[in-house]
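Student: Those letters in the sequence shown? Residues 3 to 200, per the working numbering, in order.
Backbone N, C-alpha and C define an ideal beta-carbon position, used for all residues, glycine too.
Just so it is clear, the structure is predicted and the values come from calculations on it, not from any experiment.
There's a structure below that I have some questions on.
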Amino acid sequence: METCEHSKTSKKAISREFFGKTFKGRGEVCSECGAILWDKNSQNAFYDWVSKLDDPKARDKFTVQFFLTNKATLCLDKIVKQFPGSDKTMILRALTVIYLTAVAPFPEFAAHVENIMDSEVFKDLSRGAREQRYKVHFKPLVLIDLQSWAKIAGLPPSKFMEEAILRLLSVYIENNPILKEFWKSTILLRLELILKAA
Ligand SMILES: [Zn+2]
């Protein structure tokens, strides 16, 4: 299959799905394949639209719901105990933000969380019924990130978040010295900062 080079474009009506809502605007569209070629203008219009969605009454719209196993929940409880005044939702939100901003974009760190999926720890946390339901509210701009990374991974955002949390929880309990250091210097440090600011 040949890849389209999007050599001929025209300005057209565009739309983009965003957590149950639809952005509508205008932007460059490839005349051959119909792909939207996001430029600064259309991107900014989309971001503008998203930030105006941050209406407290519309909170449910920006809630990601996912499930964890009982074992993963026990592990999460241990982290909660490390941070007096925090709760599971706060930790999950912070860990997701850390995953999106400080882990996934960096190849070395992304490799750590990619490799951990082969570990016994990860398999153990993932095994069995995912009985614990979580609902975590995010700011719309974080959701843009979540949506983009989930798209790259070919997963729905909720499934992507569930995997990201399982990977980070595995890093947390894994005994490997490299991963211990990764947890301490990359994740724990940011977790402290985010929770302090909350
Ligand atoms: Zn094209």
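For residue 32, list the residues DSSP reports as bridge partners.
Tutor: Within the sequence shown, the letter at position 30 stands for residue 32. BP columns for residue 32 point to 11.
Student: Between the segment 125 to 133 and the segment 42 to 57, do at least 3 Cβ pairs fall closer than 8 Å?
Tutor: They do not touch, by the three-pair rule.
Student: What is the DSSP secondary structure of residue 192, reduced to helix, strand or coil?
Tutor: Locating residue 192 in the sequence shown gives position 190, where the first residue counts as 1. Looking at residue 192 - three-state DSSP - the assignment turns out to be helix.
Student: Give me the Cβ distance between residue 131 and residue 71, rounded to the nearest whole Å; I'm assuming they're in contact under 8 Å.
Tutor: For the purposes of this step, residue 131 is taken as residue 129 along the sequence shown, with counting starting at 1. For the purposes of this step, residue 71 is taken as residue 69 along the sequence shown, with counting starting at 1. Right, the Cβ-Cβ distance comes to about 7 Å (below 8 Å), so this counts as a contact.
Student: Do you know offhand how far residue 25's Cα is from residue 11's?
Tutor: In the sequence shown, counting from the first residue as 1, residue 25 sits at position 23. In the sequence shown, counting from the first residue as 1, residue 11 sits at position 9. Cα-Cα distance, rounded: 20 Å.
Student: Between residue 135 and residue 67, which are expected to be in contact by the criterion C-beta below 8 Å, what is the C-beta distance as a whole number of angstroms?
Tutor: Counting from 1 along the sequence shown, the entry for residue 135 is found at position 133. Counting from 1 along the sequence shown, the entry for residue 67 is found at position 65. Yes, residue 135 and residue 67 are in contact; Cβ-Cβ is about 7 Å, under 8 Å.
Student: Is residue 30 near ligand 1, in the sense that its beta carbon is under 6 Å from a heavy atom of that ligand?
Tutor: Taking the first residue of the sequence shown as 1, we reach residue 30 at position 28. No.
Student: Any idea what DSSP makes of residue 122, helix, strand or coil?
Tutor: Within the sequence shown, the letter at position 120 stands for residue 122. Looking at residue 122 - three-state DSSP - the assignment turns out to be helix.
Student: Distance, Cα to Cα, residue 167 vs residue 94?
Tutor: One-based indexing of the sequence shown puts residue 167 at position 165. One-based indexing of the sequence shown puts residue 94 at position 92. Each residue's Cα considered, the two are about 7 Å apart.
Student: Can you list, in chain order, the residues of its chain whose CB lies under 7 Å from that of residue 17, leaving out five sequence neighbours each side?
Tutor: For the purposes of this step, residue 17 is taken as residue 15 along the sequence shown, with counting starting at 1. Excluding sequence neighbours, residue 17 sits near 24, 25 and 26.
Student: Got a sec, what are the start and stop residues for the alpha helix (DSSP H) residue 48 sits in?
Tutor: Here residue 48 is taken as the residue at index 46 of the sequence shown, counted from 1. Per DSSP, residue 48 belongs to the alpha helix (DSSP H) from 42 to 54.
Student: Got a sec: does ligand 1 put a non-hydrogen atom nearer than 6 Å to the Cβ of residue 139?
Tutor: Within the sequence shown, residue 139 is the residue found at index 137, counting from 1. No, the beta carbon of residue 139 sits no closer than 6 Å to any heavy atom of ligand 1.
Student: Could you check the C-alpha separation between residue 195 and residue 184 for me, to the nearest Å?
Tutor: As a working mapping, residue 195 is identified with position 193 in the sequence shown. As a working mapping, residue 184 is identified with position 182 in the sequence shown. One C-alpha to the other measures close to 16 Å.
Student: So residue 83 is in the alpha helix (DSSP H); what residue range does that whole segment cover?
Tutor: Residue mapping note: residue 83 aligns to position 81 of the sequence shown, counting from 1. Per DSSP, residue 83 belongs to the alpha helix (DSSP H) from 72 to 84.
Student: Please go through the same chain and pick out, in chain order, the residues whose beta-carbon is closer than 8 Å to the beta-carbon of residue 33, but skip the five residues on each side of it.
Tutor: Within the sequence shown, the letter at position 31 stands for residue 33. So the list reads 10, 11 and 12, once near-sequence residues are dropped.
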